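Novice:
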Amino acid sequence: MSSTLSALLSPRSVAIVGASDNIHKIGGRPIHYMQTMGYAGTIYPVNPQRESLQGLRAYPSLEALPEAPELAIIVVAGDAAVQAVADCARLGVGAAIVIASGFGEAGEAGKRQQDEMVRIAREGGLRIVGPNSQGLANFGNGTIASFSTMFIEIPPQDGPVAVVSQSGGTAALVYGLLRNQGIGVRHVHATGNQADVTVSELALAVAHDPDVRLLLLYLETLSDPAVLAEAAAVARARGIPVVAVKSGRSQAGARAAASHTGAMANEDRAVDAFLARHGIWRVEDAHALARCAPLYLRGWQPAGRRLVIVSNSGASCVMATDTADTLGISMAPLSAATQAALAERLPGFAATANPVDVTAALLTNSGLFGDVLPVVGADPSADLVLLDIPVAGMGYDVPRFARDAARFADQAGKPIAVAAWQDAVVSEFRAANVPTFVHATDALAAFHQLTAHQQLLRDVAGEPAVPRAGRPVMQTDESSPSHTLSEAASLARLAEAGVPVVEHYLCQTAEEAVAAWQRIGAPVAIKASSPAVPHKSEHGLVALNCNSREAIVEAFTRQTQTLDTMHAPCEGVIVARMSRGQRECMVGAHWDPVFGAVLLVGDGGKYVEVVRDTAVLLAPASPAAIERAVRSLRMAPLLDGVRGDAPLNVAALCDVAAKVGNLVHRAHGQIRSVDLNPVMLGADGAVVVDGLMEVVAG
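Here the sequence shown is numbered in the numbering used here, starting from 3 and rising by one per residue.
1) Hey, would you say K702 sits closer than 8 Å to D444, going by beta carbons?
2) Does the pairing of the region 16-25 with the region 64-79 give three or more beta-carbon distances under 8 Å?
3) Please go through the same chain and pick out, in chain order, the residues whose beta-carbon is closer than 8 Å to the beta-carbon of E629, but skip the five residues on each side of it.
4) Tell me whether A685 is buried or exposed, calling it buried when 16 or more other Cβ atoms sit within 10 Å of its Cβ.
5) So P162 and L299 are supposed to be a Cβ contact under 8 Å. How far apart are they, rounded?
6) Starting from V387, trace the beta strand (DSSP E) in both directions and tell me its first and last residue.
7) Return the chain-ordered list of same chain residues with a C-beta closer than 7 Å to the C-beta of A353, the five sequence neighbours on each side being excluded.
8) Leaving aside the five residues before and after R52 along the sequence, list all residues of the same chain whose C-beta is less than 6 Å from its C-beta, in chain order.
9) Would you list the residues sitting across from D358 in a DSSP beta bridge?
10) In whole angstroms, what separates the C-alpha of H688 from that of G606?
11) Can you find the residues in the same chain that come closer than 8 Å, C-beta to C-beta, to L487, ignoring five residues on each side of it along the sequence?
12) Determine, using beta carbons only, whether L218 and V201 come nearer to each other than 8 Å.
13) Using a threshold of 8 Å, state whether the C-beta atoms of N356 and V310 are closer than that.
14) Of the residues N679, R129, P392, which one's Cα is nearest the Cα of V504?
15) Which residue from V100, Q56, V613 puts its Cα closest to that of Q37?
16) Could you give the uninterrupted runs of the beta strand (DSSP E) lying entirely in the region 521-559, keeping only those of 3 residues or more?
17) Going by C-alpha distance, which of T172, G144, S169 is nearest D160?
18) Tell me whether the beta-carbon of M682 lies closer than 8 Å to the beta-carbon of V691.
19) Is it true that the CB of N195 sits closer than 8 Å to the CB of Q116?
20) Does H262 come out as helix, strand or coil in the three-state DSSP assignment?
21) Would you identify the three-state DSSP class for P376, choosing helix, strand or coil?
22) Of the residues V535, S539, P47, N549, which one's Cα is nearest the Cα of I522?
23) Quick check on the burial criterion: 16 or more other C-beta atoms within 10 angstroms. Buried or exposed for N33?
24) With the cut-off set at 8 Å, would you say N134 and H189 are in Cβ contact?
25) Can you give me the Cβ contacts of R636 inside the same chain, cut-off strictly under 6 Å, excluding the 5 residues immediately before and after it?
26) Could you have a look at E53 and say whether DSSP puts it in helix, strand or coil?
27) Can you find at least 3 beta carbon pairs, one from the region 444-458 and one from the region 371-391, that sit closer than 8 Å?
28) For V2, which residues in the same chain have their Cβ closer than 8 Å to its Cβ, ignoring the five residues on either side in sequence?
29) With distances taken between CB atoms, is the gap from I185 to A334 smaller than 8 Å?
30) Pick out whichever of V48, T361, P502, R582 has its Cα sitting closest to the Cα of A317.
31) Answer with buried or exposed for V214, where buried requires no fewer than 16 other C-beta atoms within 10 angstroms of its C-beta.
32) Nearest-angstrom Cα distance between I418 and Y220?
33) Within 10 Å of its beta-carbon, does Q413 have 16 or more other beta-carbons around it, so buried, or fewer, so exposed?
34) Could you spell out where the beta strand (DSSP E) holding R129 opens and where it closes?
35) Classify Y609: buried if its beta carbon has 16 or more other beta carbons within 10 angstroms, exposed otherwise.
36) Taking the beta strand (DSSP E) that H189 belongs to, which residues open and close that run?
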């Protein structure tokens with residue numbers, strides 16, 4: 003951990019500028035928390051109006067302190083906060099947390115004041131969290147530099163989870179959700195406006211904490227993906243799952259892209275691709291951040307996604323089965339031996355196939371769950387077990403249910419989750435450290451996340467090293483002028499990169515076009531080539547299936563005259579072999595200033611922007627990773643051949659995509675985008691028949 007972040011998370015001394023004697027005020031909370039939660043360092047309240055606060059000597063200013071504190075918490079607002087930051091920078095304070103609001107989130111004037119604060123801090127070598135930050139809390143050492151009310155509402159307990167959030171409210175919510183499940187939380191950090199220290203930097207710091215086993219993130223902006231990538235790498239090496247919510251849109255991604263690829267691989271899809279490439283599981287909201295924590299923390303590594311459902315309600319069995327099917331979780335086919343063993347333990351009217359309904363006999367025989375769980379857990383097809391209890395209570399030996407489930411959880415090595423809504427039932431299972439959910443839907447969603455996330459991590463482990471993202475784009479940026487190459491120039495660049503392009507010739511005269519057709523010896527497409535007209539069809543600059551001298555001369559003459567009428571430069575006319583495949587696909591890539599080369603691959607043709615059946619990855623990507631993405635698309639069933647069609651050569655499509663991604667990655671911003679549509683895909687391979695490339699001028 004850097005000395006700056008050490009000052010934030012493990013300071014030897016803390017000053018509170020704007021300290022209060024009232025523990026319910028923002029300036030009083032951190033002092034109260036640190037005094038009651040085990041902070042062993044020195045606390046310096048700073049308040050010129052008081053001689054003592056909360057039993058501690060108070061000081062009139064930072065200059066009056068006997069030493070420069072490692073950390074300052076700045077509660078005062080406006081110009082006073084900026085001055086406090088300047089004082090910290092001048093005195094050699096290690097780091098500062100600016101809790102005060104009214105800066106970048108409050109309009110242009112506040113943004114200017116925030117920028118001035120950051121400028122002063124950087125000139126003095128001071129790192130700051132905030133402004134508009136709820137603060138940081140490290141329950142491992144009692145550094146509670148936060149004013150969150152949630153720590154009073156739900157008492158803290160040190161534990162294996164770290165929560166790092168740009169939003170203080172979201173950090174508190176996730177903390178509360180975890181604590182309500184009985185899960186201890188070590189880190190709860192909120193960066194606020196994130197004018198300096200980011201979620202990514204704090205994530206990297208806590209990923210090194212030897213006691214952290216789960217990292218949960220809330221991101222609104224992602225300006226430093228390289229740091230988050232490093233944090234994810236540290237987490238993967240240590241076996242720490244990372245789960246994130248990413249809301250909002252980045253300013254860089256809001257640029258209206260000139261290419262179809264840029265428009266379809268928008269910023270949010272690029273975020274998806276970035277997170278997936280680094281093994282970070284993305285969820286939709288704060289509740290989903292906390293939902294899977296009980297399963298992650300057990301450290302289970304299920305072999306697959308085959309589920310066994312055990313319940314005392316037939317209806318619950320059916321509904322849970324339906325939900326599992328929706329999530330792509332298959333029901334485990336229990337063997338005949340397993341079903342015979344179940345029949346020996348269950349009433350004769352009970353269902354022994356999966357799902358297993360132990361019936362209302364559970365009321366008179368509280369040992370049924372304990373009898374059934376080891377049997378289904380021993381079946382080699384069972385990867386996951388859901389214990390669904392829609393009704394229990396008086397007359398049921400719930401503590402025994404919990405003991406039996408806990409024994410299974412400890413001994414079977416297979417994940418088990420309990421679905422129960424009654425508080426008394428839930429509390430028994432959670433006390434026994436059995437992952438418990440109020441709804442079977444939540445339990446199954448957590449199973450889906452656990453297993454899919456582990457598969458993602460296995461996929462990431464098989465990929466080549468991820469290039470460092472976010473580097474400067476040589477001497478270019480988003481405002482650098484660019485232009486679209488003609489189709490002929492684009493195809494030439496692609497061919498140089500090893501991409502298979504259709505046989506074609508650039509012709510300057512009608513006779514050259516006729517000679518090209520004769521050389522090809524088959525019907526051809528005639529297409530005018532001009533850098534000023536990238537999309538030719540709407541201008542009548544494409545003629546298909548030309549197969550006679552007359553047709554070729556007519557197309558050449560008409561198209562060159564059209565360009566002349568449009569006052570567009572003419573490089574000539576492309577004569578290309580008519581290529582037919584079983585499927586029109588598309589491949590594209592564009593340079594994102596935050597994430598680098600972003601690759602798009604999927605279904606193509608003229609309806610590509612309407613159908614939108616495409617996948618987004620970061621480049622460079624291996625053909626294997628690209629094929630996994632392609633196999634996830636709606637068109638995937640067609641790739642293996644239907645109704646007598648031959649299977650398509652998916653590997654050839656993925657090879658094209660990998661080469662295009664590499665091309666844009668290596669150009670490092672000099673190629674803005676590449677659009678290939680269609681890429682004709684058949685049983686014998688893939689060939690690009692139309693392509694455009696946007697490059698930086700110069």
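No residue lacks a Cβ here, since even glycine has one placed at the ideal position from N, Cα and C.
These figures come from a predicted structure and were not determined experimentally.
Specialist: Once the coordinates are examined:
1) Outside the shown range of the chain (3 to 700) lies residue 702, about which nothing can therefore be said.
2) yes
3) V652, A653, C656
4) exposed
5) 6 Å
6) 386-390
7) D359
8) A60
9) Note on identity: in this sequence residue 358 is Val, with Asp being the wrong assignment. Answer is V312.
10) Sequence check: residue 688 is Ala here, not His. If you take the alpha carbons of A688 and G606, they lie about 13 Å apart.
11) R495, P533, L694, M695, E696, V697
12) no
13) yes
14) N679
15) Q56
16) 526-531, 544-548
17) G144
18) yes
19) yes
20) Low confidence applies to H262: its pLDDT is 44, below 50, so where it sits in the model is not reliable, and the reading given next is rough at best. H262 falls in the helix class under three-state DSSP.
21) helix
22) N549
23) Before going on, a small fix: residue 33 reads as Ile here, not Asn. I33 is buried by the Cβ-count criterion.
24) no
25) D615
26) coil
27) yes
28) A query on residue 2 cannot be resolved here, the shown segment of the chain reaching from 3 to 700 and no further.
29) no
30) T361
31) buried
32) 28 Å
33) exposed
34) 129-131
35) exposed
36) 187-192
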